[in-house]
Amino acid sequence: MRAVARGARSAVATVRRKLRAGELGSLPVVLVLAVVWITFQCLNQNFLSPRNLSNLSVDIVGTGLIAVGIVFVLLLGQLDLSVGSISGLAAAVFAVLNVNNGVPEWLALVVAVLVGTVAGTVQGYSIARTRVPAFVVTLAGLLTWNGLMLSVLGDSGTVNLDEDGLVARLTSYYFTHDAVAYGLAAVAAGVVFLVSDRDRRRRRALGMPHRSLRGILVRTAGLAVLAFAVAYLLNRFQGLPLALLIFLVLVAALDVVLRRTHYGRQVYALGGSIEASRRASIDVTWVQTAVLATSGTMAALGGLFLASRITSVSQASGSGVLLVNAIAAAVIGGTSLFGGRGTTWSAVLGMLVIQSIASGMAITDTPPALQFVITGGVLFAAVVIDSLSRRSQEAHGRA
């Protein structure tokens with residue numbers, strides 16, 4: 501118990517130090533999420549029910565995948581406005597190939613994802629070679645890919661997917677056995693501990709600052725409690741959703757790519773300074789192209805999950821507030837608009853906030869217009885916090 505207490509005090513001291521230096525991390529968005537959940541739970545006791553939380557966990561996947569791709573672009577200090585249109589185009593390509601032309605689902609799915617990759621690659625290469633701002637290139641892409649989607653769908657305008665097909669089951673299949681959710685929670689906690697301890701040992705051997713073992717144990721214990729609580733709630737409804745499992749695996753894999761690979765370090769370096777990256781012999785063209793290709797790929801995957809949720813593709817796919825919500829999720833989650841700071845988990849937290857507001861509005865019969873006002877207010881607050889945090893870091897020589 502004394503060791504746990506010392507670990508907790510060490511964690512609190514670390515948090516205070518980071519707050520003074522402007523390194524807020526995910527703390528603001530976690531507090532906002534807690535306020536949102538407590539508020540809607542007080543208004544309606546069904547908000548935190550297992551059924552609603554399970555539906556919420558599936559609803560965040562489609563837009564959340566797109567937001568994860570946006571995180572990569574924001575890390576460069578750029579913005580991709582075409583992800584909504586790419587998601588609609590990928591869904592349309594899949595639907596037309598599979599439903600209208602009888603192409604096997606797995607092959608149609610692969611082609612649809614590759615369409616998103618190619619679209620992102622074309623935009624990324626154009627940005628890198630011409631040095632035209634990403635805002636302009638992707639705005640042109642938004643119009644171009646949307647026009648292609650309308651052309652692919654043709655006069656029918658709407659294509660209904662097979663409700664028992666592979667794509668439809670992405671958001672309708674649940675692992676009903678309790679052991680699956682609990683086992684995943686245990687594996688997640690174990691992996692976090694092993695990776696954190698390995699990082700601690702390596703940094704200590706090199707004489708670099710590192711977390712204490714007690715701090716790692718406290719952090720892992722907190723994550724384990726949260727993971728098992730989520731597993732318990734999901735098992736009280738229909739079990740672990742397949743969509744959520746795929747989402748978390750992809751987010752974790754891309755987080756490893758960003759934080760523990762040479763490519764990921766190059767992305768953060770470009771977000772800090774493109775000119776300095778060029779002088780450090782980083783292939784700026786390749787990195788920018790790869791980042792936009794990643795964004796396009798994730799947009800295509802998100803479009804397929806969105807189509808799976810409603811088992812149809814129409815001319816409205818990829819439009820509406822999808823683009824706004826994807827960008828807002830990344831920013832609200834803590835990814836900096838100035839580049840160089842953020843993680844894939846930022847998109848998860850931000851998407852939880854946005855979808856929680858939408859879900860709370862739905863079950864409390866609140867006018868939909870108010871949802872945009874609240875989401876806009878949260879986004880504005882996130883941008884202000886990001887700006888103030890950057891100023892604080894500059895004052896402490898960290899930016």
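501 is the number of the first residue of the sequence shown in our numbering; add one for each residue after it.
Ideal Cβ placement from N, Cα and C applies to all residues, glycine included.
All of these numbers come straight from a predicted model, not from anything done at the bench.
According to DSSP, residues forming a beta bridge with residue i
i: Leu-740; result: Phe-675
i: Val-813; result: Val-659
Of the residues the options, the one placed nearest residue i, counting alpha carbons only
i: Asp-678; options: Gly-665, Val-611, Asp-783, Leu-733; result: Leu-733
i: Gly-584; options: Gly-616, Leu-740, Tyr-625; result: Gly-616
i: Leu-666; options: Gly-739, Gly-876, Thr-811, Leu-822; result: Thr-811
i: Ala-729; options: Ser-712, Ala-681, Gly-647, Val-831; result: Ala-681
i: Val-536; options: Ala-591, Thr-875, Ile-627; result: Thr-875
i: Thr-671; options: Ser-651, Asp-559, Gly-620; result: Asp-559
i: Leu-748; options: Glu-605, Asn-735, Ala-592, Thr-844; result: Thr-844
i: Leu-575; options: Gly-834, Leu-870, Ile-854, Leu-849; result: Gly-834
i: Val-900; options: Ala-628, Ser-557, Ala-828; result: No answer is possible for residue 900: it lies beyond the span of the chain, which begins at 501 and ends at 899.
i: Arg-551; options: Ala-731, Asn-660, Gly-842, Gly-620; result: Ala-731
i: Ala-816; options: Arg-698, Asn-601, Leu-650; result: Leu-650
i: Gly-569; options: Ala-847, Val-853, Val-603; result: Ala-847
i: Gly-722; options: Phe-693, Leu-589, Asn-601, Gly-647; result: Phe-693
i: Thr-797; options: Asp-655, Gly-647, Leu-589, Leu-758; result: Leu-589
i: Phe-675; options: Arg-736, Gly-715, Ser-836; result: Arg-736
i: Asn-600; options: Ser-582, Arg-631, Asp-655; result: Asp-655
i: Val-884; options: Leu-792, Ile-832, Leu-609; result: Ile-832
i: Leu-713; options: Gly-707, Val-725, Arg-700; result: Arg-700
i: Ala-790; options: Val-636, Phe-635, Val-618, Ala-830; result: Val-618
i: Thr-794; options: Ile-586, Ala-727, Leu-548, Val-529; result: Ile-586
i: Pro-633; options: Val-695, Asn-544, Gly-802, Gln-788; result: Gln-788
i: Ile-854; options: Leu-726, Leu-543, Ala-830, Trp-606; result: Ala-830
Neighbour-count burial assignment, residue i, 16 or more Cβ in a 10 Å radius
i: Gly-641; result: buried
i: Thr-658; result: exposed
i: Arg-760; result: exposed
i: Val-878; result: buried
i: Ala-689; result: buried
i: Ser-808; result: buried
i: Leu-643; result: exposed
i: Met-851; result: buried
i: Ser-887; result: exposed
i: Pro-709; result: exposed
i: Arg-711; result: buried
i: Asn-546; result: exposed
i: Ile-566; result: buried
i: Trp-645; result: buried
i: Pro-867; result: exposed
i: Asp-664; result: exposed
i: Ser-777; result: buried
i: Thr-638; result: buried
i: Gly-739; result: buried
i: Ser-557; result: buried
i: Ala-705; result: exposed
i: Arg-841; result: buried
i: Asp-580; result: buried
i: Leu-531; result: exposed
i: Ile-538; result: exposed
i: Thr-785; result: exposed
i: Leu-533; result: buried
i: Gly-818; result: buried
i: Ala-591; result: buried
i: Ala-800; result: buried
i: Ser-554; result: buried
i: Pro-741; result: buried
i: Gly-564; result: buried
i: Val-652; result: buried
Check: residue i C-beta below 8 Å from any heavy atom of the ligand GTP
i: Thr-644; result: The ligand content of the structure shown is nil, which means the ligand GTP is not present either.
Open item on the list: Please give the ranges of any alpha helix (DSSP H) in the region 675 to 759, keeping only runs that are unbroken, at least 4 residues long and fully inside the region.
Closed with: 678 to 705, 713 to 735
Open item on the list: Tell me whether the region 852 to 866 and the region 591 to 609 touch, counting them as touching only if at least three CB pairs, one residue from each stretch, are closer than 8 Å.
Closed with: No: fewer than three Cβ pairs fall under 8 Å.
Task: Length at least 3, wholly inside the region 515 to 587: the beta strand (DSSP E) runs in chain order - done: none
- [ ] Pair every Cβ in the region 564 to 579 with every Cβ in the region 767 to 774, then say whether three or more of these pairs are closer than 8 Å.
- [x] yes
Task: Inter-stretch contact (C-beta, 8 Å, three-pair minimum) for the region 687 to 707 and the region 612 to 632 - done: no
- [ ] Quick one: which unbroken beta strand (DSSP E) runs of 3-plus residues sit fully inside the region 808 to 891? Chain order, please.
- [x] 812 to 814
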